[in-house]
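Residues -21 to -1, 1 to 146 (mature numbering (1 follows the signal peptide of the UniProt record, and there is no 0)) are what the sequence shown spells out, left to right.
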Amino acid sequence: MNTVKKIALAMIIALPAFAHAGEAKVKWHDFNDYRDVEPGNNSPKGSFHKNVAKNFEKHFNKLAEKLPEDYTFNVEVTELDLAGDVRFGTMNELRIIKPIYFPRIDLNYSITDKDGKVISEANDVKLKDMGFMDRMKMGRDEAYYYDKRLITDWFEDELLPSLNLGE
């Protein structure tokens, strides 16, 4: 097979992988009003909050890629309680991860199509994972792993199947 045919075949095979390409828009409330978004290691609150927002927005966008092209996943995070709890040590503040400090996230969401028509929406969605440490952890060094897994599980197990996208 010549090179042109190989490239054409590779493109035909790869195109379905790019068939989904939604985007996410995330709205935050004042981080100081959330239940627990406290930095450990004496990090400045402002930079820690920006880091949390950046990480979660990236994660929401990764999930939105599973939606059809031109769909928008609009998320408003109304409450956030990160996995773990910040405890004061001798010289440092550390986020301690224990089963009693499970992740909780409350949000409002809507999914709109390219014309702005609302495909799905809900207010006051409450996510929590009281058994978050009972499952195997993949991605050990990923920031906010347990919190993002909570969102992913809800998105893939509840939200996507409810959309009936005809796949």
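Virtual Cβ for every residue (Gly too), placed ideally from N, Cα, C.
Since the structure is predicted, the reported quantities are computational estimates derived from the model, not experimental observations.
Exclusion of the five residues before and after Asp49 leaves Lys93 as the residues of its chain whose Cβ lies within less than 6 Å of its Cβ.
When DSSP states are grouped into helix, strand and coil, Ser89 belongs to the strand group. Collapsing the DSSP output to three states places Arg128 in a helix.
At the C-beta level, Leu46 and Ile84 stay beyond 8 Å of one another.
For Ile76, same chain residues with a beta-carbon under 7 Å away, outside a window of 5 residues either side, are Ala62 and Gly63 in chain order. Taken through DSSP and simplified to helix, strand or coil, Val31 comes out as helix. Residue nearest to Phe81 within the set Ile98, Tyr124, Glu36 and Asn11 is Tyr124 (criterion: CA-CA distance). Residue pairing from DSSP places Val97 in a beta bridge opposite Thr91.
When the Cα atoms are used, Asn71 and Glu17 turn out to be separated by approximately 13 Å. Note on Ile90: 16 or more other CB atoms within 10 angstroms of its CB, so buried under the neighbour-count rule. Annotation for Leu142: the continuous alpha helix (DSSP H) segment containing it runs Leu139 to Leu142. Comparing alpha-carbon positions, the option among Glu121, Arg128 and Glu137 lying closest to Asn30 turns out to be Glu121. Here Asp9 is exposed: its Cβ has fewer than 16 other Cβ atoms, across all protein chains shown, within 10 Å.
Using a Cβ distance threshold of 8 Å, Lys4 and Asn34 do not count as a contacting pair.
Leu86 places its beta carbon 8 Å or farther from that of Val97.
Excluding its 5 nearest sequence neighbours in each direction, Ser141 has no C-beta neighbour in its own chain below 6 Å.
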